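Structure first, then comments.
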Amino acid sequence: AYSHWAAQMAENTKAGVPWIMCKQDYDVPDNVIDTCNGFYCEGFVPKGKDKPKMWTEMWSGWYTQWGGPYVYRPAEDDAFAVARFFQNGGAFMNYYMVINL
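Sequence positions in the sequence shown follow the UniProt record's numbering and run 1 to 101.
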């Protein structure tokens, strides 16, 4: 229900651009492109045969929680994840909050 309300609100702006929503596992409005967020998205399939496969948050690492382990992801893993995404039909990806440089 919320995703449909948000999609309708976006459409009502009459901006004339495609609208995206990330991580909608179900209930994706037809007028919205659902996208993937995560460390790996090669297996992601958008809901709708005519929608592009998009990765809006490619996580190169993650924040450290107080007292928790340090999350480290080698650059090679980033590179192979991106390559696998495009090899499997990816159309767009975005590095999200690049960390661990």
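Each residue gets a CB set at the ideal place from its N, CA and C atoms; glycine is no exception.
Computed from a predicted model, the values in this text were never measured in an experiment.
- A buried status is given to residue 34, since no fewer than 16 other beta-carbon atoms sit within 10 Å of its beta-carbon.
- Using a Cβ distance threshold of 7 Å, residue 88 and residue 56 do not count as a contacting pair.
- Between residue 20 and residue 70, the alpha-carbon positions lie close to 31 Å from each other.
- Within the model, the alpha-carbon separation for residue 78 versus residue 53 is close to 18 Å.
- Counting the other CB atoms within 10 Å of its CB gives residue 59 a total of 16 or more, which places it among the buried residues.
- Rounded to whole angstroms, the separation of the alpha carbons of residue 67 and residue 31 is 43 Å.
- The continuous beta strand (DSSP E) containing residue 96 extends over residues 90-96.
- Within the same chain, 19 come within 7 Å of residue 10 by CB-CB distance, once the 5 residues on both sides are set aside.
- At a cut-off of 4 residues, the continuous stretches assigned as alpha helix (DSSP H) that sit fully inside the UniProt domain "Glycoside hydrolase 35 catalytic" (2-98) are 2-11 and 75-87.
- The alpha-carbon separation between residue 48 and residue 28 amounts to approximately 9 Å.
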